[in-house]
Each structure stands twice: as structure tokens, then as C-alpha cells.
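Participant: The sequence shown begins at 773 in our numbering and counts up one residue at a time.
In this text, a Cβ means the ideal position worked out from N, Cα and C, and glycines have one as well.
Bear in mind the structure is a predicted one, so any value in this text is a computation, not a measurement.
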Amino acid sequence: MKATVRSERRRRSGARGFTLIELLVAIAIMAVIAVLSWRGLDQIIRGRQAITSAMEDERVFAQLFDQLRIDARQAASDDESGQAAVSVSGSVLQIVRHMTLPGTAPRLQVVRYRVSEGRVVRYASPPLGNVGELRRALRGSEGNGWAAVPLMGGVGSISARLYVPKVGWTMQMNDVQNAITEADNNLKVPQLGSAPLPRSVTGLEVSVGGKTLARPVVRVFLVGE
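What follows is the structure in C-alpha cells.
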């Protein structure tokens, strides 16, 4: 009996729990693992957000530039518009373009791109059926009947350059008007009197800048092609 009691006491005295230092070391290791896991998860979340934001920006840019490409390709001639079909005034880009509606004769339309409250907005006039309506649209502002479609937000500025043959890229409308005048004078030659007036602007370069952009995004479009 005494031997059994002694054996039980030895067994109990040999059993021991974790010390405070061991518990602290275990907690520290778990804390390090938790921090590393959180950092990895945070990086994954941030990476996913960056990819999603980049894809959204790319979609918005594509929408803006696709519309610009269509408008530039459908640009009317200088003869049809009675002035430069593509023009720049400050930060406003204006294009006189053809517009075809089902079941109707082709019409002209004036479209303008401008920045309004940090957004690029495309303003489009109603279909113009005669020269008088075209003149009023060119001289007036975006009033009744004009459609306004926001295309892109977060924009600080939008600028454009025009490509004028024999001149190159320019932002000066005087260069465009001089090209129109020269072409018109050339048509006064008897041999060329029936020839169409060549385009004064054959290329369009658009630059879009924003606070989140390291540098402006630039695209080039052919006019009337």
C-alpha cells in the first residue's frame, strides 16, 4: 500500500504544465503568423482592387476613344460644313459630322467635347437639315435639343492638336484657315475649278489628363477615313 502511494506521488510530482515563458513564446509565434497572414491577405485584396480599377479605367478610356474615332471618321468635308469640319477652341473640340438615320436622308450634326466638373461630356446637336440650322448650331451654345452624354470622370483637362498637311501638328486655327484659303485659291485655276476642296485637317490627336494619371493619355485618329 505504501509503495503504491509513493509511486502515485512520484507520478504527480513528475507531471508539469507550461511555464509563463513558454506561453509567451507561443503567443508571440502565433502573433507573427497572424500578422504575416494578414499582410498577405491585404496584398491580395489591394492587388484585386488595383486590377479592378485598372480594368474599369481601360473600359472608360475605350468608350471615350471609340466615340472620338467614330466622330472623326464620320467628319464632314470643309465644303459641307462651310468652315473647318474639325476645330479646336480652348479646351473644346468640335466636329461637324455626317449622321444617317434609318429611313431618312443623310444629315449633318455638330458634336463638341468639353470638360465639365471633372468629366468629359459629349454634346451632340439634333440632326441638321439645312445650312441655316447648321450655322445656328455652329454659332450657338448647347441649347434645347442637344444631347449631353458624360463619357469619363476624373479628368483634369482635355486638349487636341490638328494635323494640317504642309504644316504638321498644330493647335492654331489660323493654320487651318490658311490651309482652307490656299486650297480655295487653288481651285480658282481653270483646270481645277471642278475639283472638291481638300480637307484642311486630316488627323486629330487628343490628350486626356487626370489627377490619377502619371501622364496624359494620348490617341491619334484619322479624319474622314
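(1) Measuring only the C-alpha atoms, how far is Glu889 from Gly940?
(2) Could you spell out the range, first to last residue, of the beta strand (DSSP E) harbouring Glu977?
(3) Of all the options Val882, Val992, Leu808, which has the alpha carbon lying nearest to the alpha carbon of Ala848?
(4) Let me know the secondary structure DSSP gives Ala856 once reduced to three states.
(5) Using DSSP with H/G/I as helix, E/B as strand and the rest coil, what is Ser863?
(6) Can you give me the start and stop residues for the beta strand (DSSP E) that Ala848 sits inside?
(7) Which one of Met943, Gln944, Thr942, Pro937 has the shortest CA to CA distance from Glu954?
(8) Look at the alpha carbon of Gly854 and the alpha carbon of Gln815, and state the distance between them as a whole number of angstroms.
(9) Within this structure, are the beta carbons of Asp851 and Ser972 separated by less than 7 Å?
(10) Using a threshold of 7 Å, state whether the C-beta atoms of Val927 and Gly982 are closer than that.
(11) Pick helix, strand or coil for Ala826, following the three-state DSSP scheme.
(12) Return helix, strand or coil for Val868, following the three-state DSSP convention.
(13) Starting from the C-beta of Val887, find all residues in its chain whose C-beta is less than 8 Å away, skip the five residues before and the five after it, and write them out in chain order.
(14) Determine whether the beta carbon atoms of Arg879 and Leu900 lie at a separation below 7 Å.
(15) Exposed or buried, Ser897, counting other C-beta atoms within 10 Å across all chains shown (16 or more means buried)?
Facilitator: Reading off the structure:
(1) Within the sequence shown, residue 889 is the residue found at index 117, counting from 1. Within the sequence shown, residue 940 is the residue found at index 168, counting from 1. Between Glu889 and Gly940, the C-alpha separation is close to 32 Å.
(2) The count along the sequence shown starts at 1 and reaches residue 977 at position 205. Taken as a continuous stretch (DSSP letters only), the beta strand (DSSP E) holding Glu977 covers 975-982.
(3) The residue labelled residue 848 in the question sits at position 76 within the sequence shown. Closest option to Ala848, Cα to Cα, is Val882.
(4) For the purposes of this step, residue 856 is taken as the residue at position 84 of the sequence shown. Correct three-state label for Ala856: coil.
(5) Reading the sequence shown from its first residue, position 91 is the one you call residue 863. Residue state, collapsed to three classes: coil.
(6) As a working note, residue 848 is residue 76 in the sequence shown. It is not in any beta strand (DSSP E) - Ala848 carries neither H nor E in the DSSP assignment.
(7) As a working mapping, residue 954 is identified with position 182 in the sequence shown. It is Pro937.
(8) For the purposes of this step, residue 854 is identified with residue 82 of the sequence shown, where counting begins at 1. For the purposes of this step, residue 815 is identified with residue 43 of the sequence shown, where counting begins at 1. Spanning the two alpha carbons is a distance of roughly 58 Å.
(9) The count along the sequence shown starts at 1 and reaches residue 851 at position 79. The count along the sequence shown starts at 1 and reaches residue 972 at position 200. No; because the gap between Cβ atoms is not below 7 Å, this pair is not in contact.
(10) By 1-based counting over the sequence shown, the position of residue 927 is 155. By 1-based counting over the sequence shown, the position of residue 982 is 210. Cβ distance < 7 Å, so Val927 and Gly982 count as in contact.
(11) Translated into the one-based positions of the sequence shown, residue 826 becomes position 54. Low local confidence applies: a pLDDT of 47 at Ala826 is under 50, so the model's placement there is unreliable, and no value is given.
(12) The residue labelled residue 868 in the question sits at position 96 within the sequence shown. Val868 falls in the strand class under three-state DSSP.
(13) As a position in the sequence shown, residue 887 is number 115, starting the count at 1. Only Ser863, Val893, Val927, Gly928, Ser929, Ile930 meet the Cβ criterion.
(14) On the sequence shown, residue 879 is found 107 positions in, with the first residue counted as 1. On the sequence shown, residue 900 is found 128 positions in, with the first residue counted as 1. Contact: yes.
(15) Stepping through the sequence shown from its first residue, residue 897 is reached at position 125. Burial call: buried.
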